[in-house]
Amino acid sequence: MKTTRTILLFLAAFVLSVTASAQSFADKFTIESAETVLNIGERIERGEVIGEADWDSLFATKGYSIYNMRDSQREKIKDAMILAFNPARRAEADSICQLRPKVDTPALVLCQNLCRLAKRTQEARHFLGSTDFARLLAKADSMVQNFIPRRATKGTVALNDLHLICFIPDATVRDKAVLMDLNLALKMSEDEIVRLLAHEFFHNYRDAAYNIDSRDTFLKVFSHFQNEGMADLIDKNEQPEKLYVAFGEDYARLFLHELADAPQTLLQIDSLLTAYKAEGNANGGEYGPLVELFVFNGHPVGIYMARLIREQGLLGKLIAQFDNPYRFALIYNEAAKRKNRHGGHEYTLSQALLQHLKQCSQ
Ligand SMILES: [Zn+2]
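Numbering follows my numbering, with no gaps: position 65 of the sequence shown is 70.
Written out as structure tokens, the structure reads:
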């Protein structure tokens, strides 16, 4: 009985705290851009011609203005909307949706995404009208606390805003805001959206805590691995390729290939250090051969390392060092060695590389 009461009190306190913090997220999101797309879409469906002033006002809405699209991108959105929402061109839209997008055909991905959205406008309007985005943001902030140390104090870090827009099935970050595609959001469960937002909040907390000055190219790469790898534990741990499926099978396959190849990539990075040191970093910028190995913004190698750390029971240790790429590499090695003691074949980073990262961190 007492236990039940304690649980109920705990739950009540949790609900109250989420409700209270939901209020603080009340002005941290907009749905205006996505709604304007649906409004213009309805007019196209009725056969109206959309004037330049209407398009300008669409791209002046908060989400699109933060995205700051190039003219060519605006034209692609306009063309895709004119096709997607026109009932007379439905067969054309359907056949475009049958095409298989390639890695180098982002315009096709955009067009297909808007054609698919045009088929579910009722559902999209209901979603925009009924979703409590402030509550989702508050839940994401609660969730991310499990992945950052206490010292990354809640409430003092500026978290990203959220704006729903329509473009490719992706969520991207610009100018302290998450720009999320409406059609992507429609396909996700509430938990998936919360996790995605928590992933982005992780970056906010880590960026605020990160205080290493070095611009060393190796340290930067490992910092990206740590940043994306830890954030991916929040939203892509089970199926890391999942979000790339929306871009087409080719993207997902390429990502999975890079993920499986992560130990090999680490070995290659490691073997570059000697040459890098011998050549010296004359131009002081990025090291070309290293940049070539850095794909998908560090996600595949990052999540490979972070997952191994979690699997070997070292996540708590990693969280305590969430803003330190040298410690991340060190903890990764500890995890790899643990696994190798039990028959694993994980790549362990060389002492020379660890030493280099350590020196750069001081
Ligand atoms: Zn990220």
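Note that beta-carbon positions come from the ideal geometry of N, C-alpha and C, so glycine has one too. Keep in mind that this is a model prediction, so the values were computed, not measured.
Note to self: Alpha carbons only, please: which of Gln356, Ala39 and Gln244 is nearest the one belonging to Gly134?
What the structure shows: Ala39
Notebook entry, point to check: By how many angstroms is the C-alpha of Arg155 removed from the C-alpha of Leu21?
Noted result: Caution applies to Leu21, whose pLDDT of 48 falls short of 50 and renders its modelled position unreliable; the value that the coordinates give is listed next. Here the alpha carbons of Arg155 and Leu21 stand approximately 21 Å from one another.
Item checked: With 16 other Cβ atoms within 10 Å as the buried cut-off, status of Ala163 -> exposed
Check: Under 8 Å between the Cβ atoms of Asn338 and Leu354?
Finding: yes
Next item on the list: Report whether the distance from the Cβ of Ala236 to the nearest heavy atom of ligand 1 is below 7 Å.
Entry: The closest heavy atom of ligand 1 lies less than 7 Å from the beta carbon of Ala236.
Next item on the list: In angstroms with no decimal places, state the Cα-to-Cα distance between Asn209 and Lys181.
Entry: 9 Å
Note to self: For His168, tell me which candidate among Phe30, Gln78 and Thr158 has the shortest Cα-Cα distance.
What the structure shows: Phe30
Next item on the list: Using only the heavy atoms of ligand 1, determine whether one of them is closer than 7 Å to the beta carbon of Glu233.
Entry: yes
Next item on the list: Would you kindly work out how many angstroms separate the C-alpha atoms of Ala267 and Pro305, rounded to a whole number?
Entry: C-alpha of Ala267 to C-alpha of Pro305: approximately 7 Å in a straight line.
Next item on the list: Verify whether the separation of the beta carbon atoms of Leu272 and Tyr352 is less than 8 Å.
Entry: Between Leu272 and Tyr352, the gap from beta carbon to beta carbon is short of 8 Å.
Margin query: Do Asp166 and Phe64 count as a contact pair if the criterion is CB distance below 8 Å?
Written below: no
Item checked: Reduced DSSP category for Phe90 - H, G, I as helix; E, B as strand; rest coil -> Note: Phe90 maps to coil in three-state DSSP.
Note to self: If you reduce the DSSP assignment to three classes, tell me which class Asp109 lands in.
What the structure shows: coil
Check: Under three-state DSSP, which class holds Val199?
Finding: helix
Notebook entry, point to check: For Pro92, which residues from the same chain have a beta carbon less than 8 Å from its beta carbon, with the 5 sequence-adjacent residues on both sides left out?
Noted result: Glu50
Next item on the list: State the beta-bridge partners of Arg179 as determined by DSSP.
Entry: Ala182
Next item on the list: Mind reading off the beta-carbon distance from Tyr309 to Ser366? Whole number of angstroms is fine, and I expect it under 8 Å.
Entry: Between Tyr309 and Ser366 a beta carbon distance of about 22 Å is seen, past the 8 Å cut, so the two are scored as non-contacting.
Next item on the list: Determine, using beta carbons only, whether Ile45 and Met86 come nearer to each other than 8 Å.
Entry: Met86 sits close to Ile45, with the two beta carbons spaced by under 8 Å.
Item checked: Distance between beta carbons of Asp76 and Asn118, contact taken as under 8 Å -> Contact between Asn118 and Asp76 is absent: CB atoms are separated by about 20 Å, not below the 8 Å threshold.
Check: Around the C-beta of Ser100, are 16 or more other C-beta atoms found within 10 angstroms, so that it is buried, or is it exposed?
Finding: exposed
Item checked: His208 CB to nearest heavy atom of ligand 1 below 7 Å -> yes
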